[in-house]
Amino acid sequence: MSRFVLAAVLALGLSACSDDPDEVIPDSGTNPTADAGTDAGTNTDAGTDAGTDVDAGTDAGTDVDAGTGSSHGSGKLACSKTGTVSTDAGTLTYCVAQVGATEVKYIEPKQGIAPAPMRLAIYLHGDGAATYTGTNGGSPRSLFTHGGWTYGHNTLYVTALAPNKCAWWVKPEYTTCSPDGAPLTERDLEGKNAAELVSLIEALRKGWDIQDGPILFGGSSGGSIQLTASFLPRYGDRYPGIYALSCGGEKPWSGSMNWDASNAALRGGTKFWFTYGDQDYLLQDIQAAEAYLGGLGFPVNDKVIAGAAHCAQPFDQVGRVTEVWNEATAQ
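My numbering numbers the first residue of the sequence shown as 21 and each following residue consecutively.
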């Protein structure tokens, strides 16, 4: 994509960029830097073959099991391989699995600390997927940042790779992943990625005994945009959630919700936490999303970091997700 087209895209403030916490603002004419968040405590993937991937995806139209309190699932998701990651809860094992078009890495919670059912936490990376894949042979930053907390809080942790292996807000057919991002014409306006996320949630609910809600959602940059602009408008009534959104968020791409969000019963306890810098080039989009959701009656919290650019220091956009989940569940 030419610099002229890139500048036009960024001016609209709708595209998302790398999930690197120290990235350079793309409209400065410099490509984002590589992910620098895999410094301490990053064990390499042990790569143990654990069998063949199983597509556990289910029909995206399946409703959440209502009235029972949990999914009563069992059997888990089959691993294609396993690895280990160093966390603040010690060295933990993670599993790599496939659900439809979505690859995931998951860490199960510590056994015996709480009775079933367990919570579910799902994190969607920013563009480039560095927090999912890891860099320079290191473990994925999402795993070692979030996994220790979920392990000790009766929560199944899942970090999910976008179907196009790069960006959650982009249609799955667009696989030209580059540091310059994708043009706005490649937005997933049909909601294919949102449907994939539903299939993932249902597969997890069939594999474990998962609480009916709320789901702990986390996102960075493009992951946050997917959650607010596409998934929530389509499926938010079926999947109440705690949304920890770093450096991203937009109003529904369709212009409205597909369900009556003014109905408190349908909102189901869904709450939003936005964290972003006051120098983020997505600032207007994020604040418009906050105003829109607040206007519908959702509780909206925000934390604005003075002097911070997009997904950049002085705040840790991945660590902030854990902070929000901890705050929201400390009842």
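Backbone N, C-alpha and C fix where the C-beta goes; we use that ideal spot for every residue, glycine too.
Practice item. Tell whether a beta-carbon distance below 7 angstroms holds between Lys-125 and Gly-227. Key: Position 105 of the sequence shown, counted from the first residue, corresponds to residue 125. Position 207 of the sequence shown, counted from the first residue, corresponds to residue 227. No; because the gap between Cβ atoms is not below 7 angstroms, this pair is not in contact.
Point to revise | Range covered by the beta strand (DSSP E) that runs through Leu-163 | key: Counting from 1 along the sequence shown, the entry for residue 163 is found at position 143. In the DSSP annotation of this structure, Leu-163 is not part of any beta strand (DSSP E); the continuous alpha helix (DSSP H) holding it starts and ends at 161-171.
Exercise for review: Just the C-alpha distance for Lys-271 and Arg-254, rounded to the nearest angstrom, thanks.
Suggested key: Stepping through the sequence shown from its first residue, residue 271 is reached at position 251. Stepping through the sequence shown from its first residue, residue 254 is reached at position 234. Rounded to the nearest whole angstrom, the C-alpha separation of Lys-271 and Arg-254 is 12 angstroms.
Exercise for review: Could you tell me the distance, in whole angstroms, from the CA atom of Lys-130 to the CA atom of Ala-284?
Suggested key: Translated into positions along the sequence shown, residue 130 becomes position 110. Translated into positions along the sequence shown, residue 284 becomes position 264. For the pair Lys-130 and Ala-284, the Cα-to-Cα distance works out to about 34 angstroms.
Practice item. Following the continuous beta strand (DSSP E) through Glu-206, name the residue where it begins and the one where it ends. Key: Sequence index remark: in the sequence shown, residue 206 carries index 186 (1-based). Segment: none, Glu-206 is in no beta strand (DSSP E) and carries neither H nor E.
Point to revise | Distance cut-off 6 angstroms: Leu-140 Cβ against heavy atoms of the ligand SAM | key: As for the ligand SAM, it is missing from this structure, which has no ligand bound.
Check your understanding: Which parts of the segment 217-258 are runs of the beta strand (DSSP E), unbroken and 3 residues or longer, counting only runs that do not cross its ends?
Key -> Unbroken beta strand (DSSP E) runs of no fewer than 3 residues, entirely contained in the segment 217-258, are found at 235-240, following chain order.
Review point. What are the boundary residues of the beta strand (DSSP E) that Ile-141 is part of?
Key: Walking along the sequence shown from the start, residue 141 turns up at place 121. According to the sequence shown, residue 141 is Ala rather than Ile. Going by DSSP, Ala-141 is part of the beta strand (DSSP E) stretching over 139-144.
Review point. Just checking my contact of Leu-236 with Leu-140 at CB under 8 angstroms: how many whole Å lie between their CB atoms?
Key: Within the sequence shown, numbered from 1, the residue matching residue 236 stands at position 216. Within the sequence shown, numbered from 1, the residue matching residue 140 stands at position 120. Contact holds; Cβ gap of about 7 angstroms.
Check your understanding: Should Pro-234 be labelled buried (16 or more other beta-carbon atoms within 10 Å of its own) or exposed?
Key -> Sequence index remark: in the sequence shown, residue 234 carries index 214 (1-based). Pro-234 is buried by the Cβ-count criterion.
Point to revise | Rounded separation between Gly-275 and Pro-199 - CA only | key: Within the sequence shown, the letter at position 255 stands for residue 275. Within the sequence shown, the letter at position 179 stands for residue 199. Across the structure, Gly-275 and Pro-199 are spaced so that their CA atoms are roughly 29 angstroms apart.
Check your understanding: Which term fits Asp-298, buried or exposed, when burial requires 16 or more other beta carbons within 10 angstroms of its beta carbon?
Key -> As a first step, residue 298 must be located in the sequence shown, where it is residue number 278. Under this definition Asp-298 is an exposed residue.
Review point. Looking at the C-beta of Asn-346, does it have a partner C-beta in chain D at a distance below 7 angstroms?
Key: Among the protein chains of the structure shown there is no chain D, as only one such chain exists.
Check your understanding: Does DSSP put Tyr-301 in a helix, a strand or coil?
Key -> Position 281 of the sequence shown holds residue 301. Reduced to three states, the DSSP call for Tyr-301 is coil.
Check your understanding: Based on Cα-Cα distance, which residue from Asp-229, Ser-159, Ser-106 and Trp-345 lies nearest to Thr-290?
Key -> Walking along the sequence shown from the start, residue 290 turns up at place 270. By alpha-carbon distance to Thr-290, the top candidate from Asp-229, Ser-159, Ser-106 and Trp-345 is Trp-345.
**Study point:** Neighbourhood of Ala-134 by C-beta distance below 8 angstroms, restricted to the same chain and skipping five residues each side
**Key:** Taking the sequence shown and counting its residues from 1, one reaches residue 134 at position 114. Same-chain partners within the cutoff: Asn-174.
Check your understanding: Just the Cα atoms here: how many angstroms apart are Asp-147 and Glu-128?
Key -> The residue you call residue 147 lines up with position 127 of the sequence shown. The residue you call residue 128 lines up with position 108 of the sequence shown. If you take the alpha carbons of Asp-147 and Glu-128, they lie about 26 angstroms apart.
**Study point:** Buried/exposed call for Lys-323, threshold 16 Cβ in 10 Å
**Key:** Within the sequence shown, numbered from 1, the residue matching residue 323 stands at position 303. With fewer than 16 other Cβ atoms within 10 Å, it is exposed.
Review point. To which residues does DSSP link Lys-271 through a beta bridge?
Key: Numbered from 1 along the sequence shown, position 251 holds the residue referred to as residue 271. Looking at the DSSP output, Lys-271 bridges to nothing.
Point to revise | Distance, Gly-269 Cα to Ser-244 Cα | key: In the sequence shown, the residue the question calls residue 244 occupies position 224. In the sequence shown, the residue the question calls residue 269 occupies position 249. Distance between Ser-244 and Gly-269, taken at the CA atoms: about 5 angstroms.
Check your understanding: Where does Asn-278 fall in DSSP's three states?
Key -> Reading the sequence shown from its first residue, position 258 is the one you call residue 278. Taken through DSSP and simplified to helix, strand or coil, Asn-278 comes out as coil.
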